Amino acid sequence: MNLDPSEEQRLLAASIERFVERDYAFETRRRIVASPDGYSQDIWRTMSELGVLGLLLPNAYGGFGGGAMDAVSLMQAIGGALIVEPWLASVALGAQLVARGGSDEQQRRILPAVSEGRLKLAFAHAERPARYTLAHVATRARADAGGYVLSGVKRAVPHGAGADLLVVSTRTDGGDSDAEGLSLFVVERDAPGIALTALRMFDGTRAADIAFDEVRVSAQALIGAPDRALMLIEEVVDFATALICAEAVGAIKSANDATLAYLKTRKQFGVAIGSFQALQHRMVDMTIEYEQAKSIALLACSAVDTERDSAVRSRTVSAAKARIADACRKISQESIQLHGGMGMSDEVKVSHTFRRLTAIAQQFGDADHHLERFAALS
Amino acid sequence: MDLDYSPDERSFRDHVRGWLHDHLPAAMRDKVVRYAPLDRDDLLGWHRILADQGWIAPSWPREWGGTGWSVVQRYIFEEECGYAGAPPLIPFGLAMCAPVLLEFGSDAQRRRFLPRIYRGDDIWCQGYSEPGSGSDLASLRTSAVRRGEHYVVNGQKTWTTIAHLADWTFCLVRTDAAIERKRDGISFLLIDMKTPGITVRPLPLMDGRHEVNEVFFDDVEVPLENRVHDEGKGWTVAKYLLGHERMNTARIGTSRRELGRLKAFAAEQRKNGKPLIEDPRFRDKLSRVEIELMALAITNLRFLDQLNGGRTPGAEVSLLKIKGTEIQQALTELMLEAGGPLAQVLGPVDGTMPDDDFLAALAPRYCNMRKTTIYAGSNEIQRNIIARHALGL
């Protein structure tokens, strides 16, 4: 056992901390969220200079070859500062699908550009009736004239409007919920036949509804073998799920820090409200919740990096996400309640952290979904 | 013991229900059940329909327009309104200022304000909370200094609900800063919101809607005749009002309607190819809230029965507020959960309507309802009240 971060991990964490302190104050974030694109090109460039865009990509394509454990400090910072730039969507979802399933040609063309910040990816997967079931895909890809023709509608694709390339899950065979018959394609976001509606999400991030109407792609756009994509999708979504668990830990820490500071400074009845035992115990429970959340998030990040048995990996990720979802609800609600009316205000950061924690609780599956998956894999 | 309403009470309920069915405008109801924002016309429109019917102020004395209903009838009426999806009535005039005027006001004040409140001529707001005075209300600092026939008011109120729409506010102000017991230096003033020196600034909440405000008073002149009760008796007035403010916080009718809506919504949502309502995990959570609500309805009736028997409301009212708001919040949380991943969408960036505006309203609604355990005496303060006054701790 060695719970100390490596030298590289320590250095990265320190430089990310400096970046957040210097470039991502809450007021800056507020301006970015209100801007037309909903993210900042300048911040994206800075993230590229910090090396975090290549953090998870193979060394052969300009990356650092890191895993989820190497991204823990970054994810905690994203959660703590409520960073809305599309790192997870582009680097941990889109580019991971290419890095783990794409051809050499696709990797050579896409991955260095991602790591240098020239190209952003999004994973266009969710559909209206799917809820959290990954296999539910009704978007069709029909073989035609040596290529494929895509038709269907993807809903609330994270950062879909800001992406240059979309990795699109489609059904090349079988019924809407079959495990077999899924195929992934890399598609230009501006390809003819794509209609995109940019969306505001309630946690301040952006997404897009994307309709594909007879969108033609070449056979080279296919990632991996046809009909067999579900295993890759599950692997990459597990990976991203472990990472947002780490993001949640950062957001929980931020909510707890803000609440603790409020308890110490807010005076009522002539004393700091933190002197009331009823509130002290609640703050203690929030602190315990943070420690448990952090532990289970680390376990999940470690599992997606090292576990070869996919069932064990998925079981661990579901354990983490179920636990994190509960922690997200508890911490978000308690932090608002202990802030009193102040917590309801849009002007304080904790109300934004509340929204992000609420969103994380449901992203990639809510507590119920992951409890079921955990039980089914046990 | 009979836990059901008497035949008379049942026929009263049926009468109210039938009347609501015929007179609640569908457009108003639709806005309420879809969580759409309500404007001044919605809020006052419904007020005036009830005023025309003579049902706007059931608890007032008959000479001022009260209905003479029993406590149980009043409760049935409120529950039916909530269940039917009627817009909530703005409580500040009807249920807060008016009872104060009836108890402490001069004849002139009653004649001047009560008919206008009855008809819905003015919107009132409540000037209590200040930046440094929330749960500890008695520490408030907004000052009122006598100058001739006026008080000159300076200071700031905050979290003032609908101040941006209000014509009048009733305020707690400090008329004696020197007095040792803080609560003895407080007075209760009625202030015209159009008086020079008043500035209202919106305080955006996390659901994005404009509901509460900061109100600044800068040398605002208030005629002495607008003081209710004696100078320095503001705390007595405020304490009297606290009991009133908490009479209907259980919101059983509204929660019953929301529960029905949640069931219908969960039946429309699909999980693994089946209606979500059939999912045992979700169903259990929904059932637990429903059962809690069933119990609270009876708790509420037991409380009403005591009031009917002439007992004044005690610390037990706090229990209704705590459980009522917890149920309201649990329902919004389950609704958001039922909405699934697409309930995270607020709407298109270009400002056009979301394609499913009900789904898009769930997350803001969930955010907004967090206020219920904070306002009108936070649930922590309610627990303190029970501990101190009911349990003697």
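Protein chains in written order, with the numbering used here: chain G, 1 to 378; chain S, 1001 to 1393.
Positions of the beta carbon are idealized from the N, C-alpha and C atoms, including for glycine.
All figures in this text were calculated on a predicted structure; none of them were measured in a lab.
Could you name the residues that DSSP lists as bridge partners for residue i?
i       : result
S/W1168 : S/W1124 and S/D1192
G/D144  : G/G147
S/S1143 : S/N1154 and S/R1174
S/N1213 : S/T1160 and S/P1202
G/L196  : G/I210
S/L1044 : None, per the DSSP bridge assignment.
G/T170  : G/S183
S/P1061 : Answer is none; S/P1061 lacks a bridge partner.
S/K1271 : S/K1274
G/S345  : S/L1205
S/G1347 : G/R200
S/L1224 : Its beta-bridge partners do not exist; DSSP assigns none.
G/P381  : No answer is possible for residue 381 of chain G: the residues shown for chain G start at 1 and end at 378.
G/E188  : G/L165
S/S1187 : S/V1173
G/K267  : G/A272
G/V153  : G/A211
S/E1130 : S/S1133
G/I223  : G/L184
G/F123  : G/V167
G/S218  : G/G147
What residues from chain S crowd round residue i, counting only those whose CB sits closer than 7 Å?
i      : result
G/P129 : R1270
G/F269 : D1136
G/T359 : Note that residue 359 of chain G corresponds to Ala in the displayed sequence, not to Thr. Within chain S, the residues near G/A359 are Q1344.
In chain G, which residues lie less than 9 Å from residue i when you measure between Cβ atoms?
i       : result
S/P1364 : F202
S/F1216 : Under the 9 Å cutoff, chain G gives no residues; its nearest Cβ is about 16 Å from S/F1216.
S/S1129 : G341
Just confirm the distance between the C-beta atoms of residue i and residue j, as a whole number of angstroms; I'd bet it's less than 8 Å.
i       : j       : result
G/I16   : G/A77   : 5 Å
S/L1346 : S/L1362 : Incorrect: roughly 10 Å between the Cβ atoms, too far for contact.
G/L111  : G/Y61   : 4 Å
S/N1154 : S/L1190 : The pair is not a contact, with the Cβ atoms about 17 Å apart (cut-off 8 Å).
S/G1185 : S/D1176 : 4 Å
G/G181  : G/D190  : With a Cβ gap of about 28 Å, G/G181 and G/D190 do not count as contacting.
G/V187  : G/L150  : 7 Å
G/S161  : G/R206  : Correcting the residue identity first, residue 161 of chain G is Ala in this sequence and not Ser. So it is a contact: roughly 6 Å between Cβ atoms.
Which residues of chain S have a Cβ atom closer than 9 Å to the Cβ of residue i, listed in chain order?
i      : result
G/A126 : P1341 and L1342
G/Y132 : K1271, G1340 and P1341
G/T197 : P1348, V1349, D1350, T1352 and D1355
G/A207 : Q1344 and V1345
G/F440 : Past the boundaries of the shown model lies residue 440 of chain G; chain G is included only from 1 to 378, so the question cannot be answered.
G/S177 : N1272 and G1273
Residues of chain G with a CB under 7 Å from the CB of residue i: which are they?
i       : result
S/E1380 : A278
S/S1011 : Near S/S1011 there are no residues of chain G at all, since even the closest Cβ is about 42 Å away, more than 7 Å.
S/T1373 : Q337
S/M1335 : Here the premise fails: no neighbours, minimum Cβ distance about 13 Å.
S/G1282 : According to the sequence shown, residue 1282 of chain S is Phe rather than Gly. Ordered by position in chain G, the residues that pass the 7 Å Cβ test against S/F1282 are D368.
S/W1159 : G341
S/M1369 : What S/M1369 touches in chain G: nothing, since even the nearest Cβ is about 10 Å away.
List, in order along the chain, the chain G residues whose C-beta lies closer than 8 Å to that of residue i?
i       : result
S/I1123 : Result: empty, since nearest Cβ-Cβ is about 21 Å, beyond 8 Å.
S/M1206 : M344, S345, D346, S351, H352, F354 and R355
List, in order along the chain, the chain S residues whose C-beta lies closer than 8 Å to that of residue i?
i      : result
G/R18  : Here the premise fails: no neighbours, minimum Cβ distance about 29 Å.
G/Q96  : Near G/Q96 there are no residues of chain S at all, since even the closest Cβ is about 20 Å away, more than 8 Å.
G/Q292 : The contacting residues do not exist; G/Q292 stays about 21 Å from chain S at best.
Is residue i near the ligand ADP, in the sense that its beta carbon is under 7 Å from a heavy atom of that ligand?
i      : result
G/V157 : The model depicted lacks the ligand ADP and carries no ligand whatsoever.
- [ ] Please list the residues of the stretch 1186-1203 of chain S that have a C-beta atom closer than 9 Å to any C-beta atom in chain G, keeping them in chain order.
- [x] L1203
Task: Three-pair Cβ contact test at 8 Å for the stretch 1073-1080 of chain S versus the stretch 1009-1024 of chain S - done: yes
TODO: Report the residues of the stretch 336-348 of chain G with a CB closer than 8 Å to any CB of chain S, ordered along the chain.
DONE: I336, Q337, G340, G341, G343, M344, S345, D346 and E347
Open item on the list: Please identify, using Cβ separations under 9 Å, the residues of the stretch 147-168 of chain G that lie next to chain S, in order along the chain.
Closed with: R155, A156 and A161
Task: Residues from the stretch 20-46 of chain G in contact with chain S, defined by Cβ distance under 8 Å - done: P36 and G38
Open item on the list: Along the stretch 1131-1151 of chain S, where does the CB come closer than 7 Å to a CB of chain G? Name the residues.
Closed with: G1134, S1135 and D1136
Open item on the list: Under 8 Å: do the stretch 1284-1297 of chain S and the stretch 1249-1266 of chain S share three or more Cβ pairs, one atom per stretch?
Closed with: yes
- [ ] Assess, as a yes-or-no matter, whether the stretch 1314-1329 of chain S is touched by the stretch 1361-1376 of chain S under the definition of 3 or more beta carbon pairs within less than 8 Å.
- [x] yes
Task: the stretch 1211-1221 of chain S in contact with the stretch 1155-1175 of chain S per 3-pair CB rule at 8 Å - done: yes
Open item on the list: Three Cβ pairs or more, each shorter than 8 Å: is that satisfied between the stretch 44-52 of chain G and the stretch 82-92 of chain G?
Closed with: yes
Open item on the list: Using a Cβ distance threshold of 8 Å, determine whether the stretch 248-256 of chain G contacts the stretch 267-281 of chain G, with at least three qualifying pairs required.
Closed with: no
TODO: Below 7 Å between beta carbons is the criterion; list the residues of the stretch 215-226 of chain G that meet it against any residue of chain S, in chain order.
DONE: none
TODO: Please determine if the stretch 1057-1068 of chain S and the stretch 1090-1108 of chain S are in contact, where contact requires at least 3 C-beta pairs separated by less than 8 Å.
DONE: yes
Open item on the list: Under 8 Å, with one C-beta from each stretch per pair, do the stretch 123-136 of chain G and the stretch 161-169 of chain G reach the 3-pair mark?
Closed with: yes
Open item on the list: Three Cβ pairs or more, each shorter than 8 Å: is that satisfied between the stretch 354-367 of chain G and the stretch 317-327 of chain G?
Closed with: yes
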